[in-house]
Amino acid sequence: MITTYVCLLRGINVSGQKPINMVALEKMFNDLGFFGVQTYIQSGNIVFGADALALPDPEQSIAGGIQQTFGFEVPAIVLDSGKLQEIVRKNPFTTDPDKDSSFFHLTLFSAMPETNPVEKLLQKRSEGEEVVCIGRSVYLYCPDGYGKTRLTNTFIEKVAGCSATTRNWRTVNELMRMADAFKV
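The letter at position 22 of the sequence shown is residue 22 when you use this note's numbering, and the numbering goes up by one with no holes.
Structure below.
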């Protein structure tokens, strides 16, 4: 059974850290047996197809491929397109017409957090910011911009006890659009 997946890599091509060329990354994905590989911007967003039955642990396969190909460790979070649609649909901020979606961000955990991060996140937020945790997702509303929030990806990882990666809402929606349009 062919399934469309979205992969989010944490912390590549940021401030010169962990540089990965997108053409080389696409080749690595193809070498792992994935197909139809498409990247979106330079920060580790990949849409690809795979046989779901032959893909027992895509995150481990991709992280191992990056280690072998590029020589450093990068956490990978992989969702099938249906899960991404569900996450987008559950964003509690999209129903509020007074909220500008350009200030929405999504943080995804690599696993269920060791501890519930909600209280610590609420304590750390700045005035006007909102935080909602649903499962492995943290929805952020940062009206002063993500660059000014204290709810950074690193802080969220620290309070949750697991790795995570954050994307702005425009990127999340573009990845969903790419996954919806994916053709085998």
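Using N, Cα and C, we set each Cβ at its ideal position, and we do this for glycine too. Note that the structure is a prediction, hence the values are computed from the model and not measured.
Point to revise | Those runs of the alpha helix (DSSP H) which lie wholly inside the stretch 47-131 and span at least 4 residues | key: 58-70, 81-89 and 118-124
Practice item. Note down the Cα distance separating I133 from P143, rounded to an integer number of angstroms. Key: A small correction: the amino acid at residue 133 is Cys; Ile does not occupy that position in the sequence shown. So the alpha carbons of these two residues sit roughly 18 Å apart.
Review point. Among N21, P113 and S102, which has the Cα closest to the Cα of G145?
Key: S102
Check your understanding: Buried or exposed: M28, going by 16 or more other Cβ atoms within 10 Å of its Cβ?
Key -> buried
Exercise for review: With DSSP as the reference, label I12 as helix, strand or coil.
Suggested key: coil
Check your understanding: Is it the case that the Cβ atoms of V138 and T107 are separated by a distance below 8 Å?
Key -> yes
Practice item. Can you tell me which of the three DSSP states T3 falls into? Key: strand
**Study point:** Rounded separation between Y5 and G44 - CA only
**Key:** 14 Å
Review point. Which whole-angstrom value is the C-beta distance of N13 and I20, which I expect to be below 8 Å?
Key: 6 Å
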